[in-house]
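Listed in order, the protein sequences are those of chains R and G. Under the working numbering, the residue at position 104 of the first sequence is numbered 104, and the numbers go up by one with no gaps. Start counting at 1 in the second sequence, then tack on 201, and there's your number in the working numbering. All C-beta atoms, glycine included, are put in the ideal place defined by N, C-alpha and C. Note sheet for the following structure.
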Amino acid sequence: MTEDILQSTAKPRPETPGNTSKKKKVSIMGVLFTIILAIVLILLGERIVFDLNRVSNPIVEKSVTSQSDYSIFRSASSLGLSSESSGLSDTSIYYPTTKKGEYLIYKLSIHSAFIIPIFLLTFLFHYLFVVKKKYPQLYVVMYAYLTFAFWMLLHLLGELAIFISNQFPNSAIYIILGVLVVIFTGLAVFVQKRIHHGAEV
Amino acid sequence: MKKQFKKILFLILGLMFILPQALLADGMIVPPPDYWIQETDQKAVIFYDKGIETLVLSITFKGDANDFGWVVPVPSKPTVQKGSDQLFTSLQELTTYTQTSPNPLGLGLGAAGDIEKEAVTVIETKQIEYYDVTTLSSTDKDSLTKWLNDNGYNFPSSASYILDSYIQNNWYFVAMKINPKSLGWSDVSQQLRTGHAIPVAISFETENIVYPLKISSVDYYFEEEKNNDEFNYYINKYDTVQKYLSKNIISNSLNNWAQDYSTLFDFFLTFQATLTSDLLHRNEYSKSVASATPYISQEKYNQVLDEINKSPFVAKNIITSNNDFSEYVHYLMTTNWPEIDKDREQISQLNIQSKNGQSITTAKQEIALWQGKVNQHVENGLWVTDPDGVSGAEINKLAYCRKWYPDTTEVIMDDIEYIEGFRGRGNTGNNAAEIQTYKCYSGTAINNTNTDLTNSQLPTNVNLSPEQKIIVSPKPSNVTVALYVLADHKKTLSNFTTDWAGWVEKEIIEEWAQNDQGSPWIEPSSDKYFLTKLSRTMSYSEMSEDLFLQNAEDNNPVNSWKEEESSNKEIFFIILMIISGALTLGIAIILIWQYGFKK
């Protein structure tokens with residue numbers, strides 16, 4: 001295949017002043033609201049995944065809202081139930097301790113059913129609004145949704161790691177080391193890329 | 202829904218208590234002569250599996266008896282074994298009810314060898330913990346009644362017709378009583394004193410789940426016999442029946458009550474009779490010994506008991522114009538402090554007048570004692586500290602009342618008040634707390650003598666025998682019956698309330714019913730059972746029939762953990778997965794199209 005000398009040696013076309021000013025046209029208030037939006041979205045997402053698990057996990061035996069009733073906890077204990085609660089809800093869910101593995105599988109599936117489509121949808125919107133710049137006014141907002149999507153994805157990955165370590169205790173060390181490998185690899189590549197980019201400039 | 206009848210049950214008889222005269226709804230408890238027993242409530246667990254019912258009975262009681270007998274009729278030849286308190290505890294926790302359950306104890310005692318007598322056949326005798334258990338069959342009610350009475354079960358002859366109904370249906374009888382040898386064991390007597398005994402499980406074959414309730418109505422006849430014999434009854438202003446018992450019962454009663462309620466031993470008997478249209482003649486007889494602390498030692502208790510037995514009754518005759526007492530007021534201070542205090546409070550506030558019209562109860566006269574602090578009393582309506590700076594809570598209350606109110610004749614426990622200004626020795630410091638206060642009752646008795654009771658001192662319209670009589674706490678007219686039924690279907694009983702209903706797994710039942718070796722003494726054959734808790738408060742007269750439990754119309758849970766069927770959640774889960782999968786697939790296609798093909 002012949003090399004396109006013109007393309008490989010050509011310097012990047014200077015951006016027009018108009019383009020440059022358009023990219024940086026982000027108001028401080030816009031950024032502030034985006035941060036707040038990201039926090040709200042994360043809280044909303046966390047509550048949604050908790051409630052989805054509560055209402056659709058077949059292993060869950062009881063949802064208790066009135067936690068002031070001490071007898072409920074005593075009953076749960078006598079029945080061999082474990083509980084799970086959320087800081088965003090005054091409801092606790094109870095499931096048989098002996099079925100914890102099964103419960104976690106269902107929970108993981110339910111959370112995945114919400115988080116994966118949300119992540120992909122956000123990625124699609126990001127592509128449309130940020131990369132393709134079809135709607136420039138949504139440029140800032142999309143970062144809030146992206147933050148939310150990545151948060152939920154990390155949430156899911158964390159649950160996956162907990163599940164694996166719960167089911168296969170010996171695998172925990174592989175998970176931790178694997179995560180560290182990914183993190184340091186990414187950091188190394190990122191730093192090197194910055195240096196490389198600086199040298200070119 | 203499957204209709205499989207499988208089950209055998211466990212019948213657990215939780216027995217309890219002390220002696221003689223109370224009958225249980227799930228059987229009949231009889232005390233020895235000159236003692237009494239009150240059933241306060243009863244619980245039973247019924248486990249029905251493959252045609253075998255296991256009935257586990259538990260009752261709570263109070264009384265002054267040290268032992269008791271117990272008779273339970275069953276429709277077929279039973280096997281009897283020890284039950285466990287854990288079963289009741291777990292069930293109560295599950296259904297959010299509370300219960301205190303002493304630990305069962307283990308004793309191996311000698312056999313109670315019985316032989317066939319007349320129309321009574323002794324099928325089996327055995328010992329279970331501290332019970333002597335005898336399984337009987339009979340062909341004649343009189344013979345069975347005689348056998349029971351000959352063997353210390355104190356069965357009222359007027360109720361023998363109830364036995365006849367069981368005999369005609371070829372039922373068996375499980376008779377249990379406390380082995381006298383075991384009463385020497387302090388832990389056994391302590392357990393019985395708390396009003397609880399080790400549950401016993403009785404298993405027998407039956408086509409339908411039955412709860413033998415009818416024999417419990419024997420208690421009603423038992424009371425009647427006593428009433429006609431040596432007991433007298435009066436209805437007090439609270440419409441509760443109070444009994445007059447012989448003097449020795451006082452000691453027996455105290456012997457048991459004192460273990461748990463040892464603050465103040467006070468026997469107080471009052472009669473009132475109308476003299477004229479506006480004057481009442483009040484005769485009051487009392488014995489009172491105070492104990493400084495609520496937890497009395499055995500040694501101190503013996504001293505108190507001895508003192509009470511030796512001391513004479515104090516008689517007061519008071520003429521009053523107050524007509525609040527429409528009936529006789531008479532009571533013995535026992536365990537029921539709040540109610541007794543209510544009585545006494547009312548008395549203390551009476552505007553009692555002597556014959557000449559002089560008022561003998563006037564301004565607020567109270568003292569408050571705080572251990573480690575200087576006492577306070579009321580002056581001109583205000584709490585003030587004792588200026589001597591040293592009088593403390595250990596002082597005799599009556600003497601202390603008289604220090605400020607010389608006319609005081611009686612000290613009565615009053616309300617708990619928040620009082621400030623309590624000082625330490627030398628009236629230093631300043632403390633405030635909620636403190637028990639005492640009323641200093643001032644009365645000018647027309648005739649105040651120390652003497653034993655005599656008929657001449659009693660109102661003529663009170664029919665008492667020459668023997669001194671005293672009142673014990675009223676026997677409850679109603680008993681709460683709670684049944685926990687474990688079967689293959691939800692159960693129901695007419696006029697009973699379903700407090701709880703839901704499925705319980707086999708593993709949980711096995712965990713609840715473990716013997717001393719940690720092995721389950723109930724062996725469920727199915728994976729899960731439907732637990733139904735049924736309860737009803739009923740009088741003895743209403744216990745006229747045995748209870749046959751029926752299947753409920755549905756298996757809907759009541760107050761159960763499993764509110765919704767898991768199948769609903771499974772459907773929701775599947776729908777969620779389908780929607781999520783479709784969304785994921787759709788978005789992925791769009792992304793690929795945007796990134797890939799479009800590019």
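Inset, instruction - Measure the C-alpha to C-alpha separation of G/P721 and G/D341 and round it to an integer number of angstroms. - result: Residue numbering aside, residue 721 of chain G sits at position 520 when the second sequence is read from its first letter. Residue numbering aside, residue 341 of chain G sits at position 140 when the second sequence is read from its first letter. Cα-Cα distance, rounded: 39 Å.
Legend entry - Cβ-Cβ separation, G/W584 to G/I620 (assumed contact under 8 Å), whole Å: Here residue 620 of chain G refers to the residue found at position 419 of the second sequence. Here residue 584 of chain G refers to the residue found at position 383 of the second sequence. Indeed, because the Cβ distance is near 5 Å, the residues count as touching under 8 Å.
Inset, instruction - Give the DSSP bridge partners of G/C641, in chain order. - result: Translated into the one-based positions of the second sequence, residue 641 of chain G becomes position 440. When beta bridges are read from the DSSP output, G/C641 appears opposite G/V612.
Inset, instruction - Kindly confirm or deny that the region 348 to 358 of chain G and the region 369 to 380 of chain G touch, where touching means at least three C-beta pairs closer than 8 Å. - result: Yes, since at least three Cβ pairs between the region 348 to 358 of chain G and the region 369 to 380 of chain G fall closer than 8 Å, the two stretches touch.
Inset, instruction - Per DSSP, which residues does G/A569 bridge with? Please list them. - result: Along the second sequence, one-based indexing puts residue 569 of chain G at 368. Residue pairing from DSSP places G/A569 in a beta bridge opposite G/Q577 and G/T638.
Legend entry - First through last residue of the alpha helix (DSSP H) which encompasses R/E61: Position 61 of the first sequence, counting from 1, holds the residue named residue 61 of chain R. In this chain, R/E61 is not harboured by any alpha helix (DSSP H), its DSSP state being neither H nor E.
Inset, instruction - Can you tell me which of the three DSSP states G/V591 falls into? - result: The residue given as residue 591 of chain G occupies position 390 in the second sequence. Coil.
Legend entry - Endpoints, the beta strand (DSSP E) within which G/Q282 is located: For this step, residue 282 of chain G is matched to residue 81 along the second sequence. Membership of G/Q282 in the beta strand (DSSP E) is indicated by the continuous run T280 to K283.
Legend entry - Proximity to G/V575 [Cα-Cα], best of G/V323, G/D589, G/E567 and G/G582: Here residue 575 of chain G refers to the residue found at position 374 of the second sequence. Minimum Cα distance to G/V575 is reached at G/D589.
Inset, instruction - Ignore the nearest five residues each way along the sequence and tell me which others in R/L81's own chain have a CB closer than 7 Å to its CB. - result: As a first step, residue 81 of chain R is located in the first sequence; it is residue number 81 there, counting from the start. Around R/L81: E61, Y94, Y95, P96 and T97.
Legend entry - When R/Y139, R/N53 and R/Y135 are compared against R/L223, the one with the closest alpha-carbon: Here chain R comprises residues numbered 1 to 201, so residue 223 of chain R is not present and cannot be evaluated.
Inset, instruction - Throw me the rounded Cβ distance for the G/D250 and G/P400 pair, which I believe falls under 8 Å. - result: Along the second sequence, one-based indexing puts residue 250 of chain G at 49. Along the second sequence, one-based indexing puts residue 400 of chain G at 199. Incorrect: roughly 18 Å between the Cβ atoms, too far for contact.
Inset, instruction - Kindly list, in the order they appear in chain R, the residues whose Cβ is closer than 8 Å to that of G/A789. - result: Locating residue 789 of chain G in the second sequence gives position 588, counting from the first residue. What G/A789 touches in chain R: L120.
Inset, instruction - Look up G/D265 in the DSSP assignment and say whether it is helix, strand or coil. - result: Residue numbering aside, residue 265 of chain G sits at position 64 when the second sequence is read from its first letter. Note that G/D265 has pLDDT 45, beneath the 50 cutoff, so the model's placement of it is unreliable and the number below is only indicative. It is coil, neither helix nor strand.
Inset, instruction - For G/D705, collect the residues of the same chain with a Cβ closer than 6 Å to its Cβ; drop the 5 residues on either side in sequence, then sort them by chain order. - result: Residue numbering aside, residue 705 of chain G sits at position 504 when the second sequence is read from its first letter. Note that residue 705 of chain G is Val in the sequence shown, not Asp. Result list for G/V705: Y730 and L732, in chain order.
Inset, instruction - Please confirm whether R/L108 and R/F163 have their CB atoms less than 8 Å apart. - result: One-based indexing of the first sequence puts residue 108 of chain R at position 108. One-based indexing of the first sequence puts residue 163 of chain R at position 163. Going by C-beta atoms, R/L108 is nearer than 8 Å to R/F163.
Inset, instruction - Would you verify that the beta carbon of G/F773 is, or is not, closer than 8 Å to some beta carbon of chain R? - result: Within the second sequence, residue 773 of chain G is the residue found at index 572, counting from 1. The beta-carbon of G/F773 is placed less than 8 Å from the nearest beta-carbon of chain R.
Legend entry - Rounded straight-line distance, which links the Cα of R/L154 to that of R/F119: As a working note, residue 119 of chain R is residue 119 in the first sequence. As a working note, residue 154 of chain R is residue 154 in the first sequence. Between R/F119 and R/L154, the alpha-carbon positions lie close to 11 Å from each other.
Legend entry - Beta-ladder partner(s) of G/M377, from DSSP: Taking the second sequence and counting its residues from 1, the one referred to as residue 377 of chain G is at position 176. DSSP output for G/M377 lists G/W271 and G/V334 as bridge partner(s).
Inset, instruction - Kindly indicate if chain R contains any beta-carbon less than 8 Å away from that of G/S285. - result: By one-based count along the second sequence, residue 285 of chain G stands at place 84. No, no contact with chain R.
Inset, instruction - State whether the region 328 to 336 of chain G contacts the region 273 to 289 of chain G, with contact taken as three or more CB pairs (one from each stretch) at a distance under 8 Å. - result: Three or more pairs of CB atoms, one per stretch, sit closer than 8 Å, so the region 328 to 336 of chain G contacts the region 273 to 289 of chain G.
Inset, instruction - Figure out for me which residue from G/A402, G/V273 and G/L777 has the closest Cα to the Cα of G/Y367. - result: Mapped onto the second sequence, residue 367 of chain G falls at position 166. Among G/A402, G/V273 and G/L777, the Cα nearest to that of G/Y367 is on G/V273.
Inset, instruction - Hey, could you find the ends of the beta strand (DSSP E) G/L735 is sitting in? - result: Against the second sequence, residue 735 of chain G aligns to sequence position 534. That run of the beta strand (DSSP E) goes K729 to S740.
Inset, instruction - Using the Cα positions of G/L684 and G/F774, report the straight-line distance between them to the nearest angstrom. - result: Position 483 of the second sequence, counted from the start, is the residue given in the question as residue 684 of chain G. Position 573 of the second sequence, counted from the start, is the residue given in the question as residue 774 of chain G. Distance between the alpha carbons of G/L684 and G/F774: 37 Å.
Inset, instruction - Would you tell me roughly how many angstroms separate the C-alpha atoms of G/T326 and R/V55, rounded to the nearest one? - result: For this step, residue 326 of chain G is matched to residue 125 along the second sequence. For this step, residue 55 of chain R is matched to residue 55 along the first sequence. As the crow flies, the alpha-carbon of G/T326 is around 56 Å from that of R/V55.
Inset, instruction - Closer than 7 Å by beta-carbon distance: list the chain R residues that pair up with G/T785, in chain order. - result: Walking along the second sequence from the start, residue 785 of chain G turns up at place 584. For a Cβ distance threshold of 7 Å, residue set I116, P117 and L120 of chain R lies close to G/T785, ordered along the chain.
Legend entry - Per-residue burial, G/V321 [other beta carbons within 10 Å of its own, 16 or more giving buried]: Position 120 of the second sequence holds residue 321 of chain G. Around the beta-carbon of G/V321, 16 or more other beta-carbon atoms lie within 10 Å, marking it buried.
Legend entry - Pairwise C-alpha distance: G/Y796 and R/I195: Walking along the first sequence from the start, residue 195 of chain R turns up at place 195. Walking along the second sequence from the start, residue 796 of chain G turns up at place 595. Taking the straight line from one Cα to the other gives about 29 Å.
Inset, instruction - Could you check if G/E408 is buried or exposed, using at least 16 other CB atoms within 10 Å of its CB as the buried criterion? - result: Here residue 408 of chain G corresponds to residue number 207 of the second sequence, with the count starting at 1. G/E408 comes out exposed.
Inset, instruction - Name, in chain order, the residues that DSSP records as bridge partners for G/D250. - result: For the purposes of this step, residue 250 of chain G is taken as residue 49 along the second sequence, with counting starting at 1. When DSSP reads this structure, G/D250 sits in a beta bridge with G/I253.
Legend entry - C-beta atoms of G/T586 and G/G622 nearer than 8 Å: By one-based count along the second sequence, residue 586 of chain G stands at place 385. By one-based count along the second sequence, residue 622 of chain G stands at place 421. Their beta carbons are under 8 Å apart, which means G/T586 touches G/G622 by this criterion.
Legend entry - Residues that G/L288 contacts on chain R, provided the C-beta gap is smaller than 9 Å: Counting from 1 along the second sequence, the entry for residue 288 of chain G is found at position 87. Near G/L288 there are no residues of chain R at all, since even the closest Cβ is about 11 Å away, more than 9 Å.
Inset, instruction - Report all residues from its chain with a CB closer than 7 Å to the CB of R/I39; omit the five preceding and five following residues, and keep chain order. - result: Numbered from 1 along the first sequence, position 39 holds the residue referred to as residue 39 of chain R. Close CB contacts of R/I39 within its chain, under the 7 Å cut and outside five residues either way in sequence, are absent.
Inset, instruction - Give me the Cα-Cα distance between G/N651 and G/L288, rounded to the nearest whole angstrom. - result: Against the second sequence, residue 651 of chain G aligns to sequence position 450. Against the second sequence, residue 288 of chain G aligns to sequence position 87. Note that G/N651 has pLDDT 29, beneath the 50 cutoff, so the model's placement of it is unreliable and the number below is only indicative. Rounded to whole angstroms, the gap between the alpha carbons of G/N651 and G/L288 is 54 Å.
Inset, instruction - Establish whether the CB of G/M778 and some CB of chain R are separated by less than 8 Å. - result: Residue mapping note: residue 778 of chain G aligns to position 577 of the second sequence, counting from 1. A Cβ of chain R is located within less than 8 Å of the beta carbon of G/M778.
Inset, instruction - Measure from the C-beta of R/F168 to each C-beta in chain G and report whether the shortest distance is under 8 Å. - result: Residue numbering aside, residue 168 of chain R sits at position 168 when the first sequence is read from its first letter. It does not: the Cβ of R/F168 has no partner Cβ on chain G nearer than 8 Å.
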